[in-house]
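Step one of this worksheet: look at the structure below.
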Ligand SMILES: [Ca+2]
Ligand SMILES: [Ca+2]
Ligand SMILES: [Ca+2]
Ligand SMILES: [Ca+2]
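Set out below in structure tokens:
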């Protein structure tokens with residue numbers, strides 16, 4: 008780059024910085040009102056204030072003790088919703104490691120995912136935690152950090168069996184996704200890395216075998232939040248793998264003439280790691296399941312190859328327009344999001360902009376990290392929530408029908424609070440079982456440098472929980488009560504959501520960067536009822552029923568649940584469907600729309616406050632949950648499961 012161009016860029020950067028500084032006092036005065044960040048001037052070239060898309064630069068929001076609200080704003084009393092039981096559960100025996108604490112390069116920053124799956128079919132969810140790596144391990148000079156597979160011991164503790172199970176990975180790991188790709192009834196695991204990915208096939212005996220090479224799904228550069236889904240309706244799960252940055256470990260991105268532009272390596276005027284803007288993106292891949300253990304890359308033919316090389320993070324297949332076919336959502340970092348409508352002929356229509364999901368309400372690209380999908384309005388249609396960078400708000404997209412979305416975050420009352428936070432794993436969960444899905448967000452900044460400045464944000468951050476208070480029209484922040492999980496300050500990245508203790512409460516497992524994992528147990532004091540459903544697909548439907556939709560009616564309220572793989576941030580959640588019933592003591596009807604086969608089935612549930620297994624065409628079938636429910640009912644919550652199950 009010539010000096011002249013460099014000077015010009017610096018000048019434009021200075022102008023942009025001056026503009027936001029001028030606007031800053033105005034913003035802080037009227038913090039509680041909705042303020043649209045200044046629109047970029049048409050004649051100012053796109054020199055961003057950092058490599059990540061944000062809404063601008065905003066004045067810090069501090070609590071009474073002058074702490075940023077990302078690590079403060081605690082209250083002394085209030086309901087205890089979550090309890091941090093990580094140590095008690097045995098999870099802190101494992102540690103995540105990704106590069107160096109200085110985070111000089113983007114590959115060290117974005118952390119890893121977590122997957123919940125019952126790999127041994129004992130009826131209790133187990134936890135898979137992806138690990139990062141170190142430069143020494145990459146060079147073969149040190150033992151690489153290993154992933155963990157924590158077996159659920161049914162007594163509130165977990166044992167890491169990753170070695171025995173053969174799922175330690177040992178590569179620079181990012182995401183994981185759960186799906187029974189060979190329809191043998193046992194959940195398999197796909198693990199994404201920088202380098203080759205893994206396809207861990209479940210051998211039914213507590214071990215897995217990596218078939219990625221044989222299956223043709225290794226790829227080889229930087230893969231992130233994958234997901235399984237049967238896009239072509241042949242009853243077999245296909246695999247979508249987003250790509251992030253095209254990265255060269257031997258020549259990491261640096262600021263300056265030979266590397267990324269200076270603006271892409273700065274945040275609020277200080278030098279930070281470069282990217283993702285200014286770096287070459289990695290394309291996305293869709294693999295068609297051939298049914299013989301191999302897959303074929305159909306990305307281009309299907310229309311989801313990401314020719315723009317946007318920075319893909321998290322993805323999931325779900326039917327957004329209620330035509331019975333799973334569509335595909337991709338949260339992209341610092342570029343527009345993708346929404347692909349399944350045309351039913353093996354191809355997708357790129358509906359990203361038309362649908363309203365590509366950009367936020369101001370028509371601006373966001374740094375989308377995590378992706379939550381759920382029917383939070385009980386309208387029969389799924390909404391979307393995406394988490395974003397600091398100096399920006401997380402976005403709630405209301406489904407207006409037929410897959411058209413409107414970004415309604417401000418109307419829902421939860422835009423302003425999220426500006427200082429940098430969000431990752433997220434999901435719609437009904438934490439209090441009132442029948443209305445709430446929103447959980449795991450947070451943490453990517454730049455350790457933010458702790459050295461008074462910017463109103465912090466490297467480790469507390470999670471956010473938004474309570475659905477007006478039928479999905481409004482949400483309110485659940486206060487961070489001291490000594491509870493919501494007041495835990497964590498460098499969060501991936502998060503997975505599920506009922507680890509079969510008590511109808513949705514727990515959260517967070518994979519924190521360079522840290523031990525955090526298990527927040529839902530101990531919400533409500534006395535609401537609930538019911539859980541595991542689906543088993545029959546002929547023509549994926550056996551784990553991914554892509555299926557259930558409509559459950561109780562007490563006059565109709566709720567929707569979708570069986571999904573992927574989502575959150577580089578993670579996979581409990582694939583059982585969970586319904587809060589409020590005060591209802593019975594379920595009136597359960598209507599299942601089976602994925603791929605398109606069959607609709609109505610099933611009666613005879614009880615509540617327990618899990619049922621419904622098999623396609625057979626209704627409720629005997630399962631391991633019969634024994635678990637009997638135990639829970641007798642109050643022996645920490646006993647071992649009955650033998651023979
Ligand atoms: Ca298990
Ligand atoms: Ca399997
Ligand atoms: Ca398929
Ligand atoms: Ca709720």
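Numbering (my numbering), first residue to last: 8 to 652.
C-beta: ideal position from N, C-alpha, C; glycine also.
In this structure, the beta-carbon distance from residue 533 to residue 385 does not fall below 8 Å. Those residues having their beta-carbon less than 6 Å away from any non-hydrogen atom of ligand 2 are, in chain order, 187, 189, 191, 193, 195 and 209.
By the neighbour-count definition (other C-beta atoms within 10 Å, threshold 16), residue 492 is a buried residue. Taking residue 377 as the centre and dropping the five residues before and after it, the same chain places the C-beta of 321, 338, 393, 394, 430, 431, 432, 433, 575 and 576 closer than 7 Å to its C-beta, in chain order.
Restricting attention to beta strand (DSSP E) runs no shorter than 3 residues, the segment 123-184 encloses them at 133-136, 155-159 and 165-167, ordered along the chain. With a contact defined as Cβ atoms closer than 8 Å, residue 603 and residue 185 miss out at about 18 Å. Take the alpha-carbon of residue 200 and the one of residue 166: they are about 24 Å apart. Excluding sequence positions up to five before and after residue 133, its CB lies within less than 8 Å of the CB of 123, 124, 125, 126, 127, 156, 157, 158, 159 and 165, all in the same chain and listed in chain order.
A distance below 8 Å separates the beta carbons of residue 183 and residue 579.
Distance from the C-beta of residue 632 to the nearest heavy atom of ligand 1 is not below 7 Å. Two segments are said to touch when three or more pairs of C-beta atoms, one from each, lie closer than 8 Å; by this definition the segment 460-473 touches the segment 61-77.
Under DSSP, residue 77 shares a beta bridge with no residue. Looking from the CA of residue 503, the closest CA among 119, 109 and 60 belongs to 119. Rounded to the nearest whole angstrom, the C-alpha separation of residue 390 and residue 146 is 44 Å.
Measuring C-alpha to C-alpha distances from residue 548 to each of 593, 589 and 605 identifies 605 as the nearest. Taking the Cα positions, residue 554 is about 17 Å away from residue 586. Taking residue 84 as the centre and dropping the five residues before and after it, the same chain places no C-beta closer than 6 Å to its C-beta. Secondary structure note for residue 234: its beta strand (DSSP E) is the uninterrupted segment 234-236. Taking a cut-off of 8 Å for Cβ pairs, the segment 246-266 and the segment 276-294 touch, as three or more such pairs fall below it. One Cα belongs to residue 568, the other to residue 642, and the distance between them is close to 28 Å. Restricting attention to 189, 203, 195 and 194, the CA atom closest to the CA of residue 178 is found in 203. For the alpha helix (DSSP H) assignment, the uninterrupted runs of no fewer than 4 residues enclosed by the segment 210-245 are, from N- to C-terminal side, 219-222.
Of 277, 283, 256 and 276, the smallest CA-CA separation from residue 267 is found for 283. Contact between residue 636 and residue 617 is confirmed by a C-beta separation of about 4 Å, below the 8 Å threshold. Ranked by how close their Cα comes to the Cα of residue 540, the residues 530, 511 and 546 have 511 in first place. Of 472, 447 and 496, the smallest CA-CA separation from residue 466 is found for 496. Cβ atoms of residue 98 and residue 524 come within 8 Å of each other, at about 5 Å. Taking residue 259 as the centre and dropping the five residues before and after it, the same chain places the C-beta of 112 closer than 6 Å to its C-beta, in chain order. Taking residue 422 as reference, the option from 442, 471, 387 and 458 with the minimal CA-CA separation is 471. For residue 131, the shortest separation between its Cβ and any heavy atom of ligand 4 does not lie below 7 Å. Within a 10 Å sphere around the beta-carbon of residue 607 sit fewer than 16 other beta-carbons, which makes this residue exposed. Note on geometry: alpha-carbon atoms of residue 546 and residue 117 lie some 40 Å from one another. Under the DSSP assignment, residue 307 falls in the alpha helix (DSSP H) whose first and last residues are 306-309. The bridge partners DSSP lists for residue 573 come to none. Counting only the Cα atoms, residue 304 lies some 17 Å from residue 240. Counted as a single uninterrupted DSSP element, the alpha helix (DSSP H) harbouring residue 632 occupies residues 631-640.
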